[in-house]
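Everything below concerns the one structure shown next.
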Amino acid sequence: MRTARPKAAGAKGPSLRYERTFTAVGHRVLAGCDEVGRGALAGPVSVGLVAVELESVRSLKGVRDSKLLSPADREALVPLIKKWCPAWGVGHASAAEIDLLGLMGALRLAGTRAWAQVCETLTPDVVLLDGNHNWLSPAAQASLFDVEEEDEGGCKAPVHTRIKADMTCLSVAAASVLAKVERDAVMVEYARLHPAYGWEINKGYATEAHRAAIDTLGPSPLHRLSWRLGTGRTEEDGPAAGPVGG
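In the numbering used here, each number is its position in the sequence shown, counted from 1, plus 70.
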């Protein structure tokens, strides 16, 4: 049975034009990268990576930044994207890991997990990352005078950032779709464990109803306890109180 392609949005979608400029400096395999869940109050932050072979990759219709697509269109695109690219990965870092490492450290951890999945098939020689800050590369290496630390892996390829790459670059838009669909599915599962917070609808983001539920019930173990969570909480209040439910 043929999978129906989602309807394309009215505006012109992302292309491979920018990705293909990397062939001029000798790159062969590029990975587009994007994150979802950065601003949520609960659940993981998730990172998608989609690798393409620059000399042979063709366009894929219907792909947009995940925020511009309906849930049904995003889900319809997933099998098409996975068939289109030679390798892909989605990594997650939990709310507890965000509290422990901070948001940038958790993004790097999720990205490292996605990178490892991609490298099981092939290793990209360059990464195109949405935004203006490289949170994907491992932290700076220790100097000769520091204690040598174990190599924790992660992306060793050069990372190029580009603002609004998820709107203009097809590989990055595809990565955003895969990450969004996986993270949404995780939040729907979490909603079955903690139904009062409405995660099946808000996916952990800071809606008025979500904050009100935290005010009433307190945070769950899946909330980011180092964040300002309830409606009346200020930065002066500090981190949220410990979770309910263990």
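Where is the CB? At the ideal position from N, CA and C, for every residue including glycine.
Using three-state DSSP, classify residue i as helix, strand or coil.
i: E218; result: Note that E218 scores 44 on pLDDT, short of 50, meaning its location in the model is unreliable and no value can be drawn from it.
i: R72; result: A caution first: R72 carries a pLDDT of 44, below 50, which makes its placement in the model unreliable, though a value can still be read off. R72 falls in the coil class under three-state DSSP.
i: L124; result: coil
i: L299; result: coil
i: H280; result: helix
i: A112; result: strand
i: L100; result: strand
i: T93; result: helix
i: A163; result: strand
i: T191; result: coil
Hey, how far is the Cα of residue i from the Cα of residue j?
i: G118; j: L287; result: 33 Å
i: L111; j: P228; result: 31 Å
i: A244; j: Y267; result: 29 Å
i: C225; j: E145; result: 27 Å
i: L263; j: H230; result: 39 Å
i: G175; j: A163; result: 9 Å
i: T301; j: D285; result: 7 Å
Nearest CA to the CA of residue i: which residue from the options?
i: S140; options: P291, P194 and V251; result: V251
i: K82; options: N272, G268, L240 and H280; result: L240
i: L173; options: V148, P265, L206 and A142; result: L206
i: G96; options: V196, A166, Y260 and P149; result: V196
i: W185; options: L198, G175, G161 and E167; result: G161
i: V122; options: E278, V188, L295 and A255; result: V188
i: P114; options: R178, G223 and G300; result: R178
DSSP puts residue i in a beta bridge; with which residues?
i: W158; result: V120
i: E47; result: Absent from the structure is residue 47, since the part of the chain shown begins at 71 and ends at 316.
i: G196; result: Here residue 196 is Val; the residue named in the question, Gly, does not match the sequence. Partner(s): L100.
Go ahead and label residue i buried or exposed: buried means 16 or more other beta carbons lie within 10 angstroms of its beta carbon, across all protein chains shown.
i: K273; result: buried
i: H203; result: exposed
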